[in-house]
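Comments concern the structure below.
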Ligand code: NAD
Ligand code: 6OD
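Residue numbers (my numbering): 3 to 486.
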């Protein structure tokens with residue numbers, strides 16, 4: 003049986019005990035993962051600290067950027083291995099992993115390498131009260147050792163989204179991938195070795211959250227900053243752990259995102275956009291729309307058409323090129339999603355389609371599939387409309403005016419993303435500016451430019467990453483003032 007190891011100070015090391023890595027499409031164990039204990043987490047942090055004082059701390063940004071491009075090359079060289087590992091761990095369709103996850107991992111390294119290399123410094127010429135001049139300029143310094151803690155839905159994409167800018171700024175990282183999807187973080191260590199990233203700059207510790215590698219990292223006094231993607235309540239626990247040593251944190255958390263569809267939208271394009279926004283990655287994308295608001299004139303026709311799109315998605319083997327709908331990540335997560343299906347019934351929803359488990363008559367029946375699911379008829383106060391489910395499910399409600407749609411979309415404690423679908427661009431701008439979220443798409447969804455700010459408000463997060471926002475988080479500015 004394959005063993006997925008920790009990676010500490012340039013060596014693959016066994017942890018204190020092993021746990022199983024499960025394939026979500028058939029429930030079979032695909033590997034054992036070796037869990038790091040507190041002493042090994044400490045070794046990883048100390049290795050990272052030493053690396054900062056070695057070659058990595060001495061080479062300039064040009065050389066760092068060149069090596070990060072080499073990491074991207076090494077990912078592309080191992081493209082198929084990364085795709086296979088991600089598909090086996092997450093159960094996502096191979097077409098999605100090869101179109102989205104793995105290319106984005108390489109792009110993350112290239113974009114942040116270039117950005118760090120090309121970005122300039124802030125400077126000001128200052129006139130002093132006594133008539134002299136001073137020059138102010140701010141230099142960027144790395145934060146030090148950065149803990150990177152990531153979830154299971156887009157494991158490689160989301161971890162490299164943080165690792166790449168952290169390294170581009172000259173930090174060293176200790177990465178704690180999700181216990182559900184450990185494979186690609188360890189595989190990335192091989193790419194780091196190929197690319198000449200010095201020992202200790204990239205470390206991986208496997209394990210769980212509380213009383214395991216996650217908590218050992220966040221409580222460690224020698225970690226200088228924490229960057230985290232995951233559930234809002236985990237963010238709260240991490241914030242508490244980070245408080246005693248006043249560490250900077252960057253949090254990308256949960257969402258209960260709204261889509262607002264006006265009657266004048268391009269119907270077909272909107273329908274295809276919503277099929278993705280609701281069901282991509284089996285609804286396990288933090289940006290997915292679980293609340294869909296449709297202008298009353300087209301409500302019934304839109305519900306019928308989205309029902310058809312949902313029913314056209316065929317749950318299949320993730321490794322099959324034709325599959326566009328995989329399982330949920332785990333038995334436990336499926337229990338959670340099914341409990342919301344039950345709750346929707348109790349809250350008086352009308353089931354449009356789905357709401358159950360598909361049957362295959364083969365090993366997939368041991369996997370964690372659910373049907374693509376749509377509800378209507380719930381009150382805006384229902385828990386199913388308020389709480390993040392993180393599955394292939396949405397509730398569709400009608401609206402009669404722009405004001406009503408905006409009010410319903412904003413009536414949430416989350417604030418990650420929204421999408422607006424209309425042919426009236428003036429209205430698109432106007433409504434977009436009313437959204438209390440970090441990211442608004444008009445006539446598209448999950449269309450990414452890595453230079454743009456990414457993050458959420460309220461329970462959806464703290465801070466922004468992307469472009470210069472990432473460089474600002476992963477570095478400290480030291481302003482130097484020289485009296486001339
Ligand atoms: P999770 O919070 O359960 O786990 C995320 C990571 O945190 C895992 O590596 C886990 O082991 C670790 N962890 C858990 N408890 C911890 C603790 N006390 N201390 C330190 N580490 C701890 O999230 P998940 O279930 O893996 O992912 C799904 C969630 O992530 C959803 O809520 C989704 O919306 C969110 N998400 C948000 C974004 C975003 O960009 N905003 C992106 C992807 C996922
Ligand atoms: O595209 C990204 O950079 C990003 N952070 C996506 C997050 C998706 C959430 O599941």
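Where is the CB? At the ideal position from N, CA and C, for every residue including glycine. Just so we're clear, the structure is a prediction, and the values are computed from it rather than from any experiment.
How many Å lie between residue i and residue j at the Cα?
i: residue 18; j: residue 246; result: 28 angstroms
i: residue 178; j: residue 227; result: 14 angstroms
i: residue 236; j: residue 389; result: 15 angstroms
i: residue 266; j: residue 300; result: 9 angstroms
i: residue 422; j: residue 458; result: 17 angstroms
i: residue 38; j: residue 163; result: 23 angstroms
i: residue 479; j: residue 472; result: 13 angstroms
i: residue 32; j: residue 364; result: 18 angstroms
i: residue 375; j: residue 326; result: 15 angstroms
i: residue 449; j: residue 160; result: 16 angstroms
i: residue 80; j: residue 191; result: 12 angstroms
i: residue 272; j: residue 30; result: 38 angstroms
i: residue 195; j: residue 51; result: 18 angstroms
i: residue 305; j: residue 398; result: 7 angstroms
i: residue 367; j: residue 168; result: 41 angstroms
i: residue 370; j: residue 356; result: 15 angstroms
Run through DSSP, which three-state label would residue i get?
i: residue 20; result: strand
i: residue 479; result: strand
i: residue 389; result: coil
i: residue 487; result: Residue 487 cannot be examined here, being either before or after the span of the chain that is shown, 3 to 486.
i: residue 199; result: coil
i: residue 83; result: helix
i: residue 370; result: coil
i: residue 466; result: coil
i: residue 52; result: helix
i: residue 222; result: coil
i: residue 66; result: helix
i: residue 141; result: strand
i: residue 287; result: coil
i: residue 414; result: coil
i: residue 169; result: helix
i: residue 448; result: coil
i: residue 10; result: strand
i: residue 453; result: coil
Under 8 angstroms between the Cβ atoms of residue i and residue j?
i: residue 420; j: residue 439; result: yes
i: residue 487; j: residue 453; result: This structure cannot speak to residue 487, because the chain is shown only from 3 to 486.
i: residue 503; j: residue 344; result: The structure shown does not extend to residue 503, since the chain is modelled only from 3 through 486, so no value can be given for it.
i: residue 96; j: residue 89; result: yes
i: residue 291; j: residue 261; result: yes
i: residue 541; j: residue 258; result: Shown here, the chain extends from 3 to 486; a query on residue 541 therefore has no answer.
i: residue 387; j: residue 298; result: no
i: residue 6; j: residue 49; result: no
i: residue 332; j: residue 24; result: yes
i: residue 230; j: residue 151; result: yes
i: residue 1; j: residue 337; result: The question about residue 1 has no answer, for the chain in this structure spans 3 to 486.
i: residue 174; j: residue 69; result: no
i: residue 251; j: residue 240; result: yes
i: residue 144; j: residue 35; result: no
Please find out if some non-hydrogen atom of the ligand GDP comes closer than 7 angstroms to the beta-carbon of residue i.
i: residue 288; result: Ligands displayed in this structure: the ligand NAD and the ligand 6OD; the ligand GDP is not among them.
On the DSSP bridge list, what partners appear for residue i?
i: residue 423; result: 263
i: residue 317; result: 327
i: residue 443; result: 421
i: residue 177; result: 150 and 206
i: residue 254; result: 231 and 463
i: residue 375; result: 395
i: residue 295; result: 262 and 399
i: residue 352; result: 378
i: residue 15; result: 8
Consider the C-beta atom of residue i and the heavy atoms of the ligand NAD; say whether any pair is separated by less than 7 angstroms.
i: residue 151; result: yes
i: residue 462; result: yes
i: residue 181; result: yes
i: residue 240; result: yes
i: residue 392; result: yes
i: residue 220; result: yes
i: residue 8; result: no
i: residue 5; result: no
i: residue 258; result: no
i: residue 186; result: no
i: residue 236; result: yes
i: residue 405; result: no
i: residue 283; result: no
i: residue 158; result: no
Quick check: is any heavy atom of the ligand 6OD less than 7 angstroms from the C-beta of residue i?
i: residue 58; result: no
i: residue 429; result: no
i: residue 163; result: yes
Answer yes or no: does any C-beta atom of chain D fall closer than 8 angstroms to that of residue i?
i: residue 57; result: Any reference to chain D falls outside this structure, which holds one protein chain only.
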